[in-house]
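Contents: one structure, followed by commentary.
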Amino acid sequence: MIVRTLDEVIGTENEMKAETWSSRRFLLKKDGMGFSFHETIIYAGTETHIHYQNHLEAVYCVAGDGEIETIADGKVYPITNGTMYALNENDEHYLRGGKEDMRLICVFNPPLVGSETHDEEGVYPLLEA
Ligand code: 9YT
């Protein structure tokens, strides 16, 4: 059984920060669940270019507001509390924070190992350890 609180993750090596987001990584590859599980804060008024070529991600918004734009077709989807999106085709996109910080619950398959952050193409590398 694994039980972790946000307080136990914040400020540790399992909290990754970027200019436009902060990711609190509750479950990682080493936990053996087959996926990783994070809470991500997307800062209000920001734009992040993301293209997870090596991972599938599902995202559920529980607070705040923003939007996602899929680059292949230019479609824009509003995101707010209660909206889920899944990058089932490794969809390249822009993720934009709205008026308030967005709080997102994210699941990655394969699981992140912990230290991943976006490269300049918005990609996470596939890490083994
Ligand atoms: C929604 C999203 O992909 N945000 C970027 C951070 C990522 N969710 C992470 O590493 O937790």
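Using our numbering, the letters of the sequence shown map in sequence onto residues 2 to 130.
Beta carbons: idealized from backbone N, C-alpha and C, even for Gly.
*Closest by CA to residue 66, which one among 56, 78, 74, 57?*
78
*Going by DSSP, name the residue or residues bridged to residue 91.*
Its beta-bridge partners do not exist; DSSP assigns none.
*Count the other CB atoms, across all protein chains shown, that sit within 10 Å of the CB of residue 3; report buried if there are 16 or more and exposed otherwise.*
exposed
*Throw me the rounded Cβ distance for the residue 175 and residue 45 pair, which I believe falls under 8 Å.*
Nothing can be reported for residue 175, as the shown portion of the chain is limited to 2 through 130.
*Cross-strand partners of residue 12 (DSSP beta bridge)*: Beta-bridge pairing links residue 12 to no other residue.
*Classify residue 18 as helix, strand or coil using the three-state DSSP reduction.*
strand
*asked:* Is residue 39 a contact residue of the ligand 9YT, with contact defined as CB to any heavy atom under 6 Å?
replied: yes
_Segments assigned beta strand (DSSP E), at least 3 residues, entirely inside the segment 50-74_ = 57-64, 66-71
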